[in-house]
Structure formats: C-alpha cells, structure tokens
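Report on the following structure.
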Amino acid sequence: MADDRGRLIPETRKRFQEQYLPDKANKYDSRDVERLCQDDTWVESYLAWRHNVVDDTLKMIDESFQWRKEFSVNDLNETNFPKCFFEVGAVFLHGYDKEGNKLFWFKVKLHIKDSKTQLEKKKCTAFWLERYAKREPGKLLTVVFDMAETGFSNIDMDFVRFVINCFKVYYPKYLSKIVIFEMPWIMNAAFKIVKSWLGPEAVNMLKFTNRNDVQDYISAEYLPTHMGGSDPFKYSYPPLPDDDFQTPICESGPIAGDDEAESKEEIESENRDRGEPVHSDDQMHKPKKLNYLEEVSKTEECDRMDSKMKYSKKALSVFRGPLLHISPAEDYILDLKKAREKCLIILTNVTKNAVAFKVKTTAPEKYRVKPSNSSCEPGSSLEITVSLHGGCTASLQDRFLVVAAEIDQASGFGASDLALFWKEVQRNKVMEHRLRCHVTENIKPTTLLIKEHSFDNGPAEANENMHLKLLRLLEVNKRLQEQIDRCVWFQQVLLALVSLQIAFYVYILNSQKS
C-alpha cells in the first residue's frame, strides 16, 4: 500500500498542475501550491484519507486549498483575533491521551452561539490547528468535547460540523479520535447527525464517555478534577499554553536552583557510597565539545570508519534546523526495565555565531538534564544527557522542547547573561524543536543510548570507544539493509524479464505450429 501511494504522489501533483492549477490559481495560496510540490508527506496524507483514489484526492486538495485561501490560514496569528477569544479558554491544546496524542479541548459550556462572531471563531479554530500542524507535522490529535454542565443553548451544530470538516478535508490524517464527555441525553438525536457527517470510516473514532470510563482513553494526570482526574492545570491567557514545557531538573547546567543543588548533593552522596570519584563544579559545568566534520560519501565513510568515528559522533537520525542540527530527530528512547537508563541528545551548531539553547520538558519532576541551559560555539557539537529521576518512569506523553537562538559573544555566556538574553530575544529569531519519548521494555540499538554501567566502570576513553563502535555497527547495519533492498528489487526485475522472455518463446512456438 505504501509503495502504491509512493507512485501516486507524482501523478497527483502532475494532474493537479494540469487540471486544477490553470483555472483556479487565483483561488489558491501560492505557498500551499509550493508546499504541495515539495512535501511528499502532505500529498500522502490526502491520498491516504481518500484510499489512494487520485480523482477523489484531487477534489479534496482543491476544496482544502480554496478554504485555506478564504480563511488566510497561512497568515493567521494571535493578533488577528479579539483578546477575549483566548481569555475565555473555550478552545486550547493541553496534555496527551494514553497513546501519546495531543489533546485538543473544546469546553462546550463556554461556547456561546453567535452568528456575528461565528466566522471569527472558526478562524480561531483554524489558527490552533495550523499552529499545531506546523509544530508537530503529521502527529495525531485527540479532540475532547467537554460537555459537562452544558445546555441546549451551548450546542452549535454548525460549529461542530466545521470542526469535523477540518479533520475530514482540511487536515487529513490528523484525527486520532473524538472523546465526548458527559453528553446531555437531549443531544442524542443531534449526534446521530454528527455520525453521518463523519462517515462510516471515521464513526468508530467517536468515544462517548463519563467519569467512569474516560480514563480508558486519557490518564488521570491530564484530566481535570471534574472529569475524575488530578491535573492541576488552569487555563489562563496570555500567553497561549505552549505544550506545558518547563525547565527540568538540571544535574550540571549553568543555572542551578535549590532543587538542582539538592539533586547534585544526592548524586555525589551516591557516588561516595559506591567509591566513585566526585567531580568538581568546574568539571561538571564544562560541556563536552566534539569536532564538527564535513560530510563525506558513504564509500569514504566505510573505508575510513575507524579513524573518522574517533572524532565525529554521527547520529542515524538528524533534525537539520537553521541554527542547530539535533539528534535524534524525533524520538528519544528509554527502557522501562532499566531504571537508570540515560539518553544522549547531540546538538551541532551550524552557524558562524554562538547559539544559546534551553531544554524544557512537559514532566520536569521526572527528568534530569545535563546541561539544560547553555550555549554552543560555532562549528562545535555538544552532548546533552537526559536521565530519569530516581523512582520515576517515562511515558509516551512526555515531550522535550529544544529552544535555540543566536547570541552575541559580547552578551556573555554566564547564568545571569543567558537569563537576560532569553527575556529580551525576539520570538521570530528563536528556533524550536520537539522530541517525543519512546518507551520500550526490550530496547533495540536504534538510537543513541548510554547504559548506566558505562559511567560506573572503566576510563572515559573506553566508554567513548564503546559508543563509537555502537555507532559504527548501526551504520553498517543500515547499509546492509539498503543493499538487501536493492538485491530484492533486482531479483524482482530479473524475474519479470525472464517471465516476459518465456511468454515470448511460447508465442513464437504457437505461431510456428499454426
């Protein structure tokens, strides 16, 4: 199915440019057309939602693009709406379901049906969706209609239909499910209409819940108290809730708070009990620098792997941002069976200036990060170690946010300098990248991991060699897989040619007999 979809992507683009673009170019935003020509994932999402039927996909793209132009989706921002739209807290993003999907909340009791503001409310919903789609492209959302304490006057079927159309047409493949909490019995007939809007494929996404079963889909930590949960979150504006990222506990970052100092004392105490050396503050605060090498061809890498890997730690998955290259690109992996597992994140400065960075998380009480607030010099790389706090376990809902911005060396890199810098830096000059937690009980070597015992025994050089050998093994394994895929492809082509040749000989023999 994926291979078929891959072949349909260029066909979809070509037919869109030939059949739709000439007559409707003025009805589309040129930025959307450009993205359609460059972003395979976007085209694939439309194809998948229309079951790989190109004709239906083109109609969907046409409708979606006209809507995006009409709503000026690419230009929507906070300043386009009255402040009261955000202050009321009727629509917002916060928390995650049990599958790790972001929750998109609709507090129905706060919604007031008003034809004068209906269009602006729809645009505000589009603003939230577009904001999320740009930050978390392709990541699913779970819509939550909190209908507790709602009456008939709060129900706006036109608005509900718009929300459903957003996921059916405008943001395909983003909907995980729709959780409806405590729907009034008087609305049963109305939601039969909603089911017809969703269609037979998506009707199973509707989940009607109450206090007794809502935790089948959302854990208590992300449910408010009136839904039987324990989430202390209270919506307020400004600012917009930003995935609830906070600064985690930092073992050895440049900014040390009271909690961090206590954590550090605990670590030193544990080390003394085990007879391990205790590092000084200067040693702990000095980030490890790595040489930044230019990329070489795969052949050269293979031939000179032994020498190159001693100086460069090349990740298998890399997010290539304008300021920093971040590895791993999307997921950091923690093993539940290893309570003291550590994950390594590598930042590489690809600019000509120093880059300041911060690391935040949605679960600051769970994690220690080393360092969490520092700077990276031009052309150098820096390792960030993420580890679980004692007794804590990782979950799919946990997220990390890396925030980075170029900093003038004259500003200084001390704790107070960085704190002042982050208060004054302009938002449009800040790069952000999010990482998800991937939890496993049987860890496989698919990302950069550091086992705890590698810190407990042997010199640092031996640990580094072990790490480099692991990277080499993963790189070789990747190349072998590529070679196997090529061999399978050649075998299939050869089999097809042999079949054609046999068919040709059979045809010739039959012709001679007749």
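The sequence shown begins at 1 in full-length UniProt numbering and counts up by one.
Positions of the beta carbon are idealized from the N, C-alpha and C atoms, including for glycine.
No experiment lies behind these values; they were computed from the predicted model shown.
**Sufficient close CB pairs (3 or more, under 8 Å) joining the region 407-423 to the region 363-371** = no
**Request:** Decide yes or no for the touch test of the region 47-54 against the region 143-163: beta carbon pairs closer than 8 Å, at least 3 of them.
**Result:** no
**Request:** Measure from the alpha carbon of residue 151 to the alpha carbon of each residue in 116, 144, 111 and 166, then state which is nearest.
**Result:** 111
**Request:** Pick helix, strand or coil for residue 392, following the three-state DSSP scheme.
**Result:** coil
**Item:** According to DSSP, residues forming a beta bridge with residue 360
**Value:** 401
**Item:** Proximity to residue 83 [Cα-Cα], best of 424, 167 and 240
**Value:** 240
**Request:** Rank 187, 430, 42 and 147 by C-alpha distance to the C-alpha of residue 226 and give the top, closest one.
**Result:** That would be 147, whose Cα lies nearest to the Cα of residue 226.
**Prompt:** DSSP on residue 81, reduced to helix/strand/coil?
**Reply:** The answer is coil: DSSP assigns residue 81 none of H, G, I, E or B.
**Item:** Continuous beta strand (DSSP E) assignments of at least 3 residues falling wholly in the region 54-130
**Value:** Within the region 54-130, the complete beta strand (DSSP E) segments of 3 residues or longer fall at 91-96 and 102-107, listed in chain order.
**Supposed contact pair residue 58 and residue 19 - C-beta distance, whole angstroms, cut 8 Å** = A Cβ-Cβ distance of about 7 Å is found for the pair residue 19 and residue 58, placing them in contact under the 8 Å criterion.
**Request:** Can you say whether residue 504 is buried or exposed, counting buried as having 16 or more other CB atoms within 10 angstroms of its CB?
**Result:** Label assigned to residue 504: exposed.
**Request:** Examine the Cβ distances between the region 89-102 and the region 390-403 and report whether three or more of them are shorter than 8 Å.
**Result:** yes
**Request:** Would you kindly work out how many angstroms separate the C-alpha atoms of residue 143 and residue 178, rounded to a whole number?
**Result:** One C-alpha to the other measures close to 5 Å.
**Prompt:** How about residue 375 and residue 404: are their beta carbons less than 7 Å apart?
**Reply:** no
**Message:** Going by C-alpha to C-alpha distance, which of 493, 432 and 477 sits closest to residue 136?
**Reply:** 432
**Prompt:** Under the rule that 16 or more other beta-carbon atoms within 10 Å means buried, what is residue 328, buried or exposed?
**Reply:** buried
**Chain-order list of residues whose beta-carbon lies under 6 Å from that of residue 109 (same chain, five-residue window excluded)** = 149, 150 and 154
**Request:** Would you kindly check if the distance between the Cβ of residue 12 and the Cβ of residue 43 is under 7 Å?
**Result:** Against a cut-off of 7 Å, the Cβ pair of residue 12 and residue 43 comes out as a contact.
**Message:** Taking a contact to mean a Cβ-Cβ separation below 7 Å, would you say residue 127 touches residue 206 in this structure?
**Reply:** Taking the C-beta atoms as reference points, residue 206 is found no nearer than 7 Å to residue 127.
**Request:** Check the DSSP bridge columns for residue 181 and list the partner residues they point to.
**Result:** 146 and 209
**Request:** Just the C-alpha distance for residue 252 and residue 373, rounded to the nearest angstrom, thanks.
**Result:** In this prediction, residue 252 scores a pLDDT of 46, lower than 50, which makes its location untrustworthy; the coordinate-derived value is nonetheless stated afterwards. Roughly 9 Å separates the two Cα atoms.
**Message:** Suppose contacts are defined by Cβ-Cβ distances below 7 Å. Is residue 67 in contact with residue 170 by that definition?
**Reply:** In this structure, residue 67 lies near residue 170, with their beta-carbon atoms less than 7 Å apart.
**Prompt:** Any idea if residue 349 is buried or exposed, counting beta-carbon neighbours within 10 angstroms, 16 or more meaning buried?
**Reply:** buried
**Message:** I need the DSSP call for residue 458, collapsed to helix, strand or coil.
**Reply:** Low local confidence applies: a pLDDT of 48 at residue 458 is under 50, so the model's placement there is unreliable, and no value is given.
**Item:** Nearest residue (CA-CA) to residue 74, options 129, 182 and 392
**Value:** 129
**Message:** Given this structure, state the Cα-to-Cα distance separating residue 391 from residue 363, to the nearest angstrom.
**Reply:** 14 Å
**Message:** Using CA atoms only, rank isn't needed, just tell me which of 7, 60 and 69 is closest to residue 30.
**Reply:** 69
**Request:** Measure the beta-carbon distance from residue 103 to residue 218 and round it to whole angstroms, keeping in mind my assumption that it falls under 8 Å.
**Result:** 7 Å
**Request:** Tell me whether the beta-carbon of residue 344 lies closer than 7 Å to the beta-carbon of residue 377.
**Result:** no
**Prompt:** Where DSSP assigns a beta bridge to residue 367, which residues make up the other side?
**Reply:** According to DSSP, which records beta bridges pairwise, residue 367 is partnered with 388.
**residue 173 versus residue 501 - alpha carbon distance** = 44 Å
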